Amino acid sequence: MDVGGRVGRLRERFEEAGVDALLVTNLVNVRYLTGFTGSAALLLVGPDDLLFVTDGRYGEQSAEQLGVAEVEARIEVQTGTGQREVVKEAGAKFPRIGVEADDVTWAQYEAYAEKWFDGAEPSRHGRVVGVKGLVADLRRVKDAGEQARIAAACRVSEHDFALDLEFEMRRRGAEAVSFEAIVASGPNGAKPHARPSERAIRAGELVVLDFGCKVDGYCSDMTRTVAVGEPAPEARRMYDVVLASQEAGVAATRAGVEAAEVDRACREVIEEAGWGDAFLHGTGHGVGLEIHEDPRVASTSGDTLATGHVVTVEPGVYLAGQGGVRIEDTVVVTEGGCEVLTHAPKDLILE
Ligand code: ZN
Ligand code: ZN
Numbered sequence: 070m071d072v073g074g075r076v077g078r079l080r081e082r083f084e085e086a087g088v089d090a091l092l093v094t095n096l097v098n099v100r101y102l103t104g105f106t107g108s109a110a111l112l113l114v115g116p117d118d119l120l121f122v123t124d125g126r127y128g129e130q131s132a133e134q135l136g137v138a139e140v141e142a143r144i145e146v147q148t149g150t151g152q153r154e155v156v157k158e159a160g161a162k163f164p165r166i167g168v169e170a171d172d173v174t175w176a177q178y179e180a181y182a183e184k185w186f187d188g189a190e191p192s193r194h195g196r197v198v199g200v201k202g203l204v205a206d207l208r209r210v211k212d213a214g215e216q217a218r219i220a221a222a223c224r225v226s227e228h229d230f231a232l233d234l235e236f237e238m239r240r241r242g243a244e245a246v247s248f249e250a251i252v253a254s255g256p257n258g259a260k261p262h263a264r265p266s267e268r269a270i271r272a273g274e275l276v277v278l279d280f281g282c283k284v285d286g287y288c289s290d291m292t293r294t295v296a297v298g299e300p301a302p303e304a305r306r307m308y309d310v311v312l313a314s315q316e317a318g319v320a321a322t323r324a325g326v327e328a329a330e331v332d333r334a335c336r337e338v339i340e341e342a343g344w345g346d347a348f349l350h351g352t353g354h355g356v357g358l359e360i361h362e363d364p365r366v367a368s369t370s371g372d373t374l375a376t377g378h379v380v381t382v383e384p385g386v387y388l389a390g391q392g393g394v395r396i397e398d399t400v401v402v403t404e405g406g407c408e409v410l411t412h413a414p415k416d417l418i419l420e
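The sequence shown finishes on residue 420 if you use my numbering, and the numbering steps up by one all the way, no holes.
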């Protein structure tokens, strides 16, 4: 992974964003830019300098992790107001300082404007500029090291659909699940994000299993739908339609294609079967350090897919009172198509 080069690419985007420096408060973004995995840090990115602030718990860890990632920064270990003072002092020379609009609360924003970066300009908001997606946009394209980690997370999660799924994923080298597994049988399957319940799984019912794990911080995400014994003809038809839809989506995924077009490819197959209204969500989402990140694969998405994007393709049909089917793969977008990372078989009937 080329962590060291990321701050440089972020700086290239300052001019367009109308800022001279950026205060990074989102911890996933701090991790992306520095390799630091702890639970408390601030990063002030200037045009030529980098200030990393953390508290006493993380002094040694941050020096180590930034060193391994080849990130050159001034590391300050401070608590409370000490953090504010050191950032305030370093930020004094910048006329406009960006803060992450998607991460800071209104109260934090006011504090930055009034107490951290006050002065220079007479505006009510001082020198603080809210910016959106500056780091998130960089995170869309995964380098070779990131792709390898997501692929490893996908391989880990390809074992049996057992009840001790998490135990098994951890035993095979995952550090954590990327989200709480969804196991939904029979009518529960009609709720796209049903939580596992005490309900006993009956013969012939469809069971939606949606799960993933993390390897070195990077997530995997996969859904399979299975039937325990021969399903009813209607359930079998639902499965065949969703599988055809999912395959159409994967076939439509390649660099240069609008994400909305992939959604369209999936939706058309389901609409033709008469279940357009039963496909209750977008087709997919980006996967990386977070389980849901940019780009979005939906009819309303303005994103265009590019080489190195990692996204899911996960259409579904949900019939209230009856059940649901969803099939999901995580794929890497390439020049001429995409590479599927989740190789678990798509057999409907579980022996
Ligand atoms: Zn999923
Ligand atoms: Zn997903």
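Glycine residues also receive a C-beta, built at the ideal position from the N, C-alpha and C atoms. Note that the coordinates shown come from a computational prediction; the quantities given were computed from them, not determined experimentally.
(request) For the beta strand (DSSP E) holding Y387, just list the boundary residues, first then last. (result) 385-388
(message) How far does the alpha helix (DSSP H) with S131 in it extend, from its first residue to its last?
(response) 128-137
(request) Can you grab the Cα-Cα spacing for the pair Q147 / L119, in whole Å? (result) 16 Å
(request) For E267, count neighbouring Cβ atoms within 10 angstroms of its own Cβ and tell me buried if that reaches 16, exposed if not. (result) exposed
(request) Would you kindly work out how many angstroms separate the C-alpha atoms of E81 and V114, rounded to a whole number? (result) 12 Å
(message) Could you check whether E397 and T381 sit closer than 8 Å to each other, using their CB atoms as the reference points?
(response) yes
(message) Could you check if D290 belongs to the surroundings of ligand 2, using beta carbon to heavy atom distance under 7 Å?
(response) yes
(request) Using beta-carbon positions only, say whether D89 and R153 come within less than 8 Å of one another. (result) no
(request) Indicate the three-state DSSP secondary structure (helix, strand or coil) for P256 in the structure shown. (result) helix
(request) With a threshold of 7 Å, establish whether the CB of E249 neighbours any heavy atom of ligand 2. (result) no
(message) Taking 8 Å as the threshold (C-beta atoms), are V246 and G281 in contact?
(response) yes
(request) Alpha carbon to alpha carbon, how far is T292 from A269? Give it in angstroms, no decimals. (result) 20 Å
(message) My assumption, with CB atoms under 8 Å, is that P265 sits in contact with A250. Please give the rounded CB distance.
(response) 7 Å
(request) Using only the heavy atoms of ligand 4, determine whether one of them is closer than 7 Å to the beta carbon of E383. (result) Ligand 4 is absent from the structure shown, which contains only ligand 1 and ligand 2.
(message) Buried or exposed, going by whether 16 or more other CB atoms sit within 10 Å of the CB of V137?
(response) exposed
(request) Verify the contact flag: E397, CB atom, against every heavy atom of ligand 2, threshold strictly below 7 Å. (result) yes
(request) Run the proximity test for G281: is its beta-carbon closer than 7 Å to any non-hydrogen atom belonging to ligand 1? (result) yes
(message) For C335, list the residues DSSP reports as bridge partners.
(response) Note: C335 sits in no beta bridge, so no partner.
(message) Cutting at 8 Å between CB atoms, please list the residues of its own chain near S368, excluding the five before and the five after it.
(response) A329, D332, R333, R336, G351
(request) Could you tell me the distance, in whole angstroms, from the CA atom of K201 to the CA atom of L96? (result) 15 Å
(request) Consult DSSP for P414 and reduce its assignment to one of helix, strand or coil. (result) coil
(request) Could you say which of V277, I339, V310 lies nearest to A296 if we only look at CA atoms? (result) V277
(request) Report yes if the CB atom of Q130 is closer than 8 Å to the CB atom of G149, and no otherwise. (result) no
(request) Would you list, in sequence order, the uninterrupted beta strand (DSSP E) runs of no fewer than 3 residues that lie entirely inside the region 235-319? (result) 251-254, 275-280, 282-284, 291-297
(message) Going by beta-carbon coordinates alone, are A220 and L358 separated by less than 8 Å?
(response) no
(message) Starting from F121, trace the alpha helix (DSSP H) in both directions and tell me its first and last residue.
(response) It is not in any alpha helix (DSSP H) - F121 instead sits in the beta strand (DSSP E) that spans 119-123.
(message) What would DSSP say about A231, mapped onto helix, strand or coil?
(response) Confidence in A231 is poor, its pLDDT being 45 and thus under 50, which makes the residue's placement unreliable; the coordinate value appears in the next sentence. Here A231 sits in coil by DSSP.
(request) Can you say whether L203 is buried or exposed, counting buried as having 16 or more other CB atoms within 10 angstroms of its CB? (result) buried
(message) Suppose contacts are defined by Cβ-Cβ distances below 8 Å. Is A389 in contact with A253 by that definition?
(response) no
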